[in-house]
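J.: Residue numbers (this note's numbering), protein chains in the order written: chain P, 1 to 198; chain Z, 1001 to 1396.
Yeah, the Cβ is synthetic: ideal placement off N, Cα and C, and Gly gets one too.
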């Protein structure tokens, strides 16, 4: 309707916020996690982040999109945790926290492609946040979040090492071969501790 | 598959069903424990998340190791044969490793052995590609069908030996690509699925087969029926898609002749037939395929018959679908014990928590609106563009 009739004119992005609020109310009213996920993704769209195409976030070179993705992700994660803590629609918490973590980590990943010190700073941030997410998920036995964290930390560390290794291809291959085997061993040990049902 | 693996898969299927029945409240804890004791698990398994991580990191480790070996052996373009020999040796070694992991190490659904099996097939296919295009000097047109057949054979062997249904489906797809290169490719795409479908349907439910082979039969059936639909689809006929896949570029056939009308009828009838068969036999894969192809046929109809602007069609179609779902749900729930002719609207023995999370993920992936472009709306900078504060760049 907005695209066809453009009732908001140049202020058309506000329809995203209106739709986000309406779907959010509907999600709470009808207790639907699917509608809640749509409310969150529409809110992210209002902030310029296409939650349905996280790949686009990874390679977005617009700093505004990156920061909005990170801010939206943090907001969603906090919202999810608050819902769980308040025991109000606690079953919405995984939707908000998972989408939030994906947006934060996606935003950080998009920064590692930048050249020079900025790319290194984003990589270090990705390594730190990924490690933190993985550690927290390990303690709380949150398996999908553990996967997000491990992958993000590995990507962050790999990007930093590529900077150190430079154009020495053999050393790069050796790094990825050895560290992947170490990660596999670590995962096998973590799997025994976390006991994820098969 | 080895008899031990067959037994392990059957026991896993029983335990999985028992867990689902427990979640649905049909079994109590004591019965669940009794089932677990009666059908013990002798395999090393990982949960879905660890399985995915182990799969990914095994892919990275093996490929990086292969890259290192290639660099150490001094890979250059004129030494591609060395790399091919290395791929052949690596593929063989990875196949042996997969055998070892699944056999003596008793790994199943563990991620690592799935990655080694995939890499084994991939490296062997790469070696075969080099052999076809370098020593045999085949051009791309001649070499591709042979390579597809080799790939299909490798994937089929992997599916048969290690029980991966995905490989069976991929093998069928590779076979169809090879068939498309033949002069009567489109006819084969129609005849083969029609001939094989009844047997595949029986095999996909045969208790004599291991569960993985049943699933493999279902995967091949799904690919074959999708191929059949593609072959008889009116747009595929007009644009000669099968012939394009086969590397030929024939002229477009005349619009409105006998064959065109045949494809129009088939585009409408194949989804209806699939839905009817699925409903009659209570076969979930056929119902899914029927629903998918029906949606595709309706979109095709919109392409040829312009009843209204797209936004009206989309809005009406969405509303009609929602209404149909509610009507069907009400019809099923109003039946005796919430059931009509064996169909019910109630969820059956499914992991609802996981299913709902997947639904939410799918909703975000498929229905999330397109984001507004932040860098193309200076007029709105005051309203929405402040978010991000001092961390934002100058252009923000």
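#1: Starting from the beta carbon of residue 1370 of chain Z, find every residue of chain P whose beta carbon is closer than 7 angstroms, and list them in chain order.
#2: Report the option in Z:1040, Z:1013, Z:1123 whose CA atom is closest to the CA atom of residue 1067 of chain Z.
#3: State the CB to CB distance for the pair residue 108 of chain P and residue 126 of chain P, rounded to an integer number of angstroms; the pair is presumed to be in contact (CB under 8 angstroms).
#4: State yes or no: is the beta carbon of residue 1258 of chain Z nearer than 8 angstroms to at least one beta carbon in chain P?
#5: One question on the structure: do residue 1013 of chain Z and residue 1250 of chain Z come within less than 8 angstroms of each other, judged by their Cβ atoms?
#6: Can you name the residues of chain B whose CB is closer than 7 angstroms to the CB of residue 1054 of chain Z?
#7: Could you give the C-beta distance for residue 1055 of chain Z and residue 1093 of chain Z, rounded to a whole number, given that I count them as a contact under 8 angstroms?
#8: Would you verify that the beta carbon of residue 7 of chain P is, or is not, closer than 8 angstroms to some beta carbon of chain Z?
#9: Buried or exposed, going by whether 16 or more other CB atoms sit within 10 Å of the CB of residue 1165 of chain Z?
#10: What does a CB cutoff of less than 6 angstroms around residue 76 of chain P pick up in its chain, not counting 5 residues either side in sequence?
#11: Less than 8 angstroms separating the beta-carbons of residue 1052 of chain Z and residue 147 of chain P?
#12: Using the C-alpha atoms, what's the distance from residue 1234 of chain Z back to residue 1299 of chain Z?
#13: Flag residue 1061 of chain Z as yes if its beta-carbon sits less than 8 angstroms from any beta-carbon of chain P, otherwise no.
#14: Between residue 1177 of chain Z and chain P, is the shortest Cβ-Cβ distance under 8 angstroms, so that the two count as touching?
#15: Ignore the nearest five residues each way along the sequence and tell me which others in residue 175 of chain P's own chain have a CB closer than 6 angstroms to its CB.
#16: What does a CB cutoff of less than 7 angstroms around residue 1271 of chain Z pick up in its chain, not counting 5 residues either side in sequence?
#17: Of the choices P:179, P:144, P:129, P:33, whose alpha-carbon is the least far from that of residue 105 of chain P?
#18: Would you say residue 110 of chain P reaches chain Z, if we count a Cβ-Cβ gap shorter than 8 angstroms as a contact?
#19: Leaving aside the five residues before and after residue 1085 of chain Z along the sequence, list all residues of the same chain whose C-beta is less than 8 angstroms from its C-beta, in chain order.
#20: Count the C-beta pairs between the stretch 1220 to 1232 of chain Z and the stretch 1186 to 1196 of chain Z that are closer than 8 angstroms, then say yes if the count reaches three, no if not.
#21: Sort Z:1342, Z:1112, Z:1339, Z:1200 by Cα distance to residue 185 of chain P and report the nearest one.
#22: Expressed to the nearest angstrom, what Euclidean distance is found between the alpha-carbon atoms of residue 1305 of chain Z and residue 47 of chain P?
#23: Thinking residue 1155 of chain Z and residue 1174 of chain Z are a contact (beta carbons under 8 angstroms), I'd like their distance in whole angstroms, please.
#24: Within 8 angstroms, do at least three Cβ pairs link the stretch 78 to 92 of chain P to the stretch 62 to 70 of chain P?
#25: How far does the alpha helix (DSSP H) with residue 150 of chain P in it extend, from its first residue to its last?
#26: Please classify residue 112 of chain P as buried or exposed, where buried requires at least 16 other C-beta atoms within 10 Å of its C-beta.
#27: Note down the Cα distance separating residue 1382 of chain Z from residue 142 of chain P, rounded to an integer number of angstroms.
#28: Could you tell me if residue 1326 of chain Z is buried or exposed, where buried requires 16 or more neighbouring beta carbons within 10 angstroms of its beta carbon?
#29: I'd like to know if residue 170 of chain P contacts chain Z, where contact means its C-beta is closer than 8 angstroms to some C-beta of that chain.
#30: Quick one, which of Z:1315, Z:1344, Z:1285, Z:1034 has its alpha-carbon nearest residue 1328 of chain Z's?
#31: What does the Cβ neighbour count give for residue 1198 of chain Z, buried or exposed, with the cut at 16 atoms within 10 Å?
#32: Since residue 1131 of chain Z is in the alpha helix (DSSP H), which residue starts that stretch and which ends it?
#33: Using the C-alpha atoms, what's the distance from residue 155 of chain P back to residue 123 of chain P?
#34: Under 8 angstroms between the Cβ atoms of residue 1186 of chain Z and residue 1152 of chain Z?
#35: Got a sec? Which residues, its chain only, sit under 7 angstroms from residue 1384 of chain Z by beta carbon, not counting five neighbours each side?
#36: Could you list which residues in chain Z have their beta carbon closer than 8 angstroms to that of residue 196 of chain P, in chain order?
T.: With the structure as the only source:
#1: Within 7 angstroms of the CB of residue 1370 of chain Z, the CB atoms of chain P belong to 45, 50, in sequence order along the chain.
#2: Z:1123
#3: 4 angstroms
#4: no
#5: no
#6: No chain B is part of this structure, whose protein chains are labelled P and Z.
#7: That pair is no contact at about 18 angstroms.
#8: no
#9: buried
#10: 40, 96, 99, 100
#11: Contact flag set, yes.
#12: 12 angstroms
#13: yes
#14: no
#15: 161
#16: 1290, 1293, 1294, 1297
#17: P:129
#18: no
#19: Answer for residue 1085 of chain Z: 1127, listed in chain order.
#20: yes
#21: Z:1112
#22: 38 angstroms
#23: Between residue 1174 of chain Z and residue 1155 of chain Z the Cβ distance is about 7 angstroms, and since that is below 8 angstroms, they are a contact.
#24: no
#25: 143 to 165
#26: buried
#27: Confidence is the limiting factor: at residue 1382 of chain Z the pLDDT is only 39, short of 50, which leaves the residue's position unreliable and the question unanswerable from this model.
#28: In the assembly as shown, residue 1326 of chain Z is an exposed residue. Its beta-carbon has fewer than 16 other beta-carbons within 10 Å.
#29: yes
#30: Z:1344
#31: Counting the other Cβ atoms within 10 Å of the Cβ of residue 1198 of chain Z gives fewer than 16, which makes it exposed.
#32: 1112 to 1133
#33: Near 8 angstroms, if we compare the C-alpha coordinates of residue 155 of chain P and residue 123 of chain P.
#34: no
#35: With a pLDDT of 40 at residue 1384 of chain Z, under the threshold of 50, the predicted position of this residue should be treated as unreliable, and no value is reported.
#36: 1046, 1047, 1048, 1049, 1050
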